[in-house]
Structures are given as C-alpha cells and as structure tokens.
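**Student:** Using the working numbering, you'd call the opening residue of the sequence shown number 560 and step up by one each time.
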Amino acid sequence: MELIDHTAAWLKGEDFEMAMLTLAGGMVFAVSAAFWLFGATPAAQAMVLPLLAVGALFVVAGVVGFLGNQGRLDVMSEAWRDDPVAFARAEKVRVEGFSVLFTGTIIGAALFSAIAFALFVFFENPHLRAIAIVLVLLACAGFTADFFSKERADRYYGAITDELRKHADMDGSGG
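#1: Hey, is the stretch 686–702 in contact with the stretch 603–619, meaning 3+ C-beta pairs nearer than 8 Å?
#2: Output the boundary residues of the alpha helix (DSSP H) element that contains Asp642.
#3: Report the rounded CA-to-CA distance for Val659 versus Ala691, giving the unit in angstroms.
#4: With DSSP collapsed to three states, give me the class of Gly627.
#5: Do Trp569 and Arg711 have their CB atoms nearer than 7 Å?
#6: Output needed for Ala704: all residues of its chain with C-beta closer than 8 Å, excluding positions within five of it in sequence on either side, in chain order.
#7: Between Leu626 and Ala567, which are expected to be in contact by the criterion C-beta below 8 Å, what is the C-beta distance as a whole number of angstroms?
#8: Roughly how many angstroms lie between the CA atoms of Phe706 and Val623, to the nearest whole one?
#9: Starting from Gly667, trace the alpha helix (DSSP H) both ways and give me its first and last residue.
#10: Excluding five sequence neighbours on each side, which residues of the same chain lie with their C-beta closer than 6 Å to the C-beta of Ala675?
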C-alpha cells in the first residue's frame, strides 16, 4: 500500500468521525426537544438549554470538520505525486504537531468529569446538575474522539515512518 492510500484511509476515518459527531448532535437535539416538550419537572426543564448547546456544538463541529476535509485528498494526492518523500516528511511533522492535542483532550475530559462530579454531589440546583450531566456528555465525547482519533493517527504515523525508512534505505542514507 502506498502512503497516499494510508492518507486516504485516515481522511475517510476523519469523515466518518465527523459524520458520527453530527449524528450525535442531532440525537442530543432530539433529547433536548423531548425534555422541552414532555418534561414537567424543574430538572427536566433545566436539561433543555444545556443539551441544546451541546447538540449545537456537536453538529457545528461535525459539519465544519467534514466540510474542511472536502477536497483535501486531491491536494494531498497532488503533493504526494509531486514529491513522495517531501510529502511524507511534511505529514510526519503535521501528525507530530497535532498528536500533542491528545494529552490535552484526556486532561480536559478528566477535568470535565471531576467538575461534573463536584456539581452533582455538592449542589441540588437542577440547573447546575443539568450542567454537570452535559459536562459528562462532553467528557465522554472527548474520550471517544480521542480513542478513535489517536488510533488513526498512530497507524498513519507508523505508515509515514515506514515510508520514510523505505526511502532512506533506497537512497542509502540510512535514516
């Protein structure tokens, strides 16, 4: 498999993740609407706006991410055809650049979880507890996105380093 095939697989995975995020946002919208239409208690009504906000965040992030990837494979394919080694080197730098974000995602999701726990345990206000629930939802989304995105990034990075190693061996530079 050529490196550009790995690039295409990585982009396909990104598109799938963005589609799932958009779908999840739509589902959160539906749950928010159900609370608004059928929720008779203060706790049910407190869920409406926080869920609406999270649903909007998921939909916007998913759509923007998906649209941002459109045409990207064509540009990357052209760069790969022009100079496969330069493309691999640039992709290595790019993947290394965004890989540090995975640690931030895990820390952020853990903080959201801790804040949610504190809000839920120490406050009985339905609005604060609704915020706690959506913080858990955001934390779960962060953990899930990180889980799949990091896996794809690690696999892609492995393909990139294999490609660079192969070219180094071919030109005798050894590294």
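Think of the CB as a built atom: it goes at the ideal place given N, C-alpha and C, for glycine as much as any other residue.
**Tutor:** Answer, in terms of the structure:
#1: yes
#2: Taken as a continuous stretch (DSSP letters only), Asp642 belongs to no alpha helix (DSSP H), as it is neither H nor E.
#3: 27 Å
#4: helix
#5: yes
#6: Glu576, Leu580 and Thr664
#7: Incorrect: roughly 18 Å between the Cβ atoms, too far for contact.
#8: 20 Å
#9: Leu660 to Phe681
#10: Ala691, Leu694 and Val695
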